[in-house]
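Read through the structure below, which is laid out as structure tokens, and then see the notes.
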Amino acid sequence: MVLRGYVPTSEETLQTLAALRLQSLNSDFSTHAPFPRLEELFPPHVLHARLPPPPHRPPTKCRGARLRAGLLAGGLWGQALAKQRAERDQRLRGRLREEGASTMAAIVEKWKLLQGMGRPEAMAAYVALVREWPGFGSTLFDVDLHAVRRRLGVGQGQPWQWATLTPLSLQSPVDSGPQRLWLGIGAKAVSLYKPGEPEPLDSFCYGRISSFGASDSSTFRLSVEDRDLLFETSQVDEIAQLLNTYLASAGAQRLPRPQEPPTSSPTSEPTVLPQGLCPAAGPWQHRPPVGSSHS
1 MVLRGYVPTS EETLQTLAAL RLQSLNSDFS THAPFPRLEE LFPPHVLHAR LPPPPHRPPT
61 KCRGARLRAG LLAGGLWGQA LAKQRAERDQ RLRGRLREEG ASTMAAIVEK WKLLQGMGRP
121 EAMAAYVALV REWPGFGSTL FDVDLHAVRR RLGVGQGQPW QWATLTPLSL QSPVDSGPQR
181 LWLGIGAKAV SLYKPGEPEP LDSFCYGRIS SFGASDSSTF RLSVEDRDLL FETSQVDEIA
241 QLLNTYLASA GAQRLPRPQE PPTSSPTSEP TVLPQGLCPA AGPWQHRPPV GSSHS
């Protein structure tokens, strides 16, 4: 979860987590201790994010210009461009090695500070640090939010509308494209996150969810009070199964059940259960990084 980038936190905390992992694997620092590869300790995407973005090339507008560009690419100019790309790739690889060496050195320094900490204590400190994220314990799915539709009443169906989420609000559909989000499914609530951000855009306790189900093999629908949220994902079945598990454990008699896609126009609105508000979570505040066995 940490290495895949699903625990949004600072680089300092990620380095501390890596040091705790080394302590649990190898005990106290030693130059003779086996070192895992950096990507086994630290999220690789954090290092890649430090690299400069590739240069932007404006698209070729007309066919004639594309043809001329193709002819040039096949000649001396194309060879020069290929050489420039190769040199740039080499510089980026060198920069990535430097960033990796710097990060590993910082991790090792933190590891040295953990001398005397036992393996169980290191593992407990690791878990405690990760648990500070409010989304800890949830299963995260990569989804694209494609639409939000408001249900106004019988006979007043609306076409799907593009929507932009604002924190703790789904009330203002505006023109925009699909949004890449994390859909977090936990024991008490379903939450939506912008990737990499610790606080959710919104959280829905199960009492606020009136129904859910698969519209097709790659589209999942979640009905929250008077709104339908439409997600595109490759994990429709996994999401539905996990929701069913949590709903069953919470008590099926009081909770919504998944619905099959309707084959005809509904004659009545689905039952909306009494609203169960999620308690507002305070900002995620980190404790000071573990610096010794006495921390």
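Residue numbers are given in UniProt numbering: position 72 of the sequence shown equals residue 72, and the series is strictly consecutive.
Ideal Cβ placement from N, Cα and C applies to all residues, glycine included.
- Query: Nearest to SER249 by CA position, among PRO198, SER203 and GLY186, is which residue?
  - Reply: One-based indexing of the sequence shown puts residue 249 at position 249. Comparing Cα-Cα distances from SER249 to each of PRO198, SER203 and GLY186, the minimum goes to GLY186.
Between which two residues does the beta strand (DSSP E) carrying ALA214 extend?
-> Start at 1 with the first residue of the sequence shown, and residue 214 comes out as number 214. It spans 209-216 - the beta strand (DSSP E) in which ALA214 sits, taken as one unbroken run.
Q.
According to DSSP, simplified to helix, strand and coil, what is TYR193?
A. On the sequence shown, residue 193 is found 193 positions in, with the first residue counted as 1. In the structure shown, TYR193 sits in a strand (DSSP, three-state: E or B).
_So if DSSP puts THR219 in a beta bridge, which residue, or which two residues, is it bridged to?_
Walking along the sequence shown from the start, residue 219 turns up at place 219. THR219 is bridged to ASP216 and GLU232.
message = Quick check on GLN90: buried or exposed, where buried means 16 or more other Cβ atoms within 10 Å of its Cβ?
response = Taking the sequence shown and counting its residues from 1, one reaches residue 90 at position 90. Exposed, because fewer than 16 other Cβ atoms sit within 10 Å of the Cβ of GLN90.
- Message: For the stretch 18-26 against the stretch 118-137, do three or more pairs of beta-carbon atoms, one drawn from each stretch, fall closer than 8 Å, so that the two count as touching?
- Response: yes
### Query
From what residue to what residue does the beta strand (DSSP E) around ARG180 run?
Locating residue 180 in the sequence shown gives position 180, counting from the first residue. Residues 179-185.
- Report, in whole angstroms, the separation of the C-beta atoms of ILE239 and PHE141, which I expect to be a contact under 8 Å. For this step, residue 239 is matched to residue 239 along the sequence shown. For this step, residue 141 is matched to residue 141 along the sequence shown. Confirmed, about 6 Å.
- Item | For LEU25, the nearest candidate out of GLN79, LYS112, ARG119 and GLY94 (CA to CA) | The residue you call residue 25 lines up with position 25 of the sequence shown. Per the Cα distances, ARG119.
For ASP142, name the three-state secondary structure that DSSP assigns.
As a working mapping, residue 142 is identified with position 142 in the sequence shown. Three-state result, ASP142: strand.
Q) Would you say the stretch 132-148 touches the stretch 30-37, given that touching needs at least three Cβ pairs under 8 Å? A) no
Proximal residues to LEU92 (C-beta, below 6 Å), its chain only, five neighbours per side dropped = As a first step, residue 92 is located in the sequence shown; it is residue number 92 there, counting from the start. These residues qualify, in order along the chain: LEU51.
If you check the beta carbons only, do PRO178 and HIS146 fall under 7 Å apart? Within the sequence shown, residue 178 is the residue found at index 178, counting from 1. Within the sequence shown, residue 146 is the residue found at index 146, counting from 1. In this structure, HIS146 lies closer than 7 Å to PRO178 by Cβ.
- Task: Classify SER203 as buried or exposed, calling it buried when 16 or more other Cβ atoms lie within 10 Å of its own Cβ.
- Result: Counting from 1 along the sequence shown, the entry for residue 203 is found at position 203. So SER203 counts as buried.
Quiz item: Is PRO198 near SER191, with beta carbons less than 7 Å apart?
Solution: On the sequence shown, position 198 is the one that residue 198 refers to. On the sequence shown, position 191 is the one that residue 191 refers to. Against a cut-off of 7 Å, the Cβ pair of SER191 and PRO198 comes out as no contact.
Classify ASP216: buried if its beta carbon has 16 or more other beta carbons within 10 angstroms, exposed otherwise. Translated into positions along the sequence shown, residue 216 becomes position 216. It counts as exposed.
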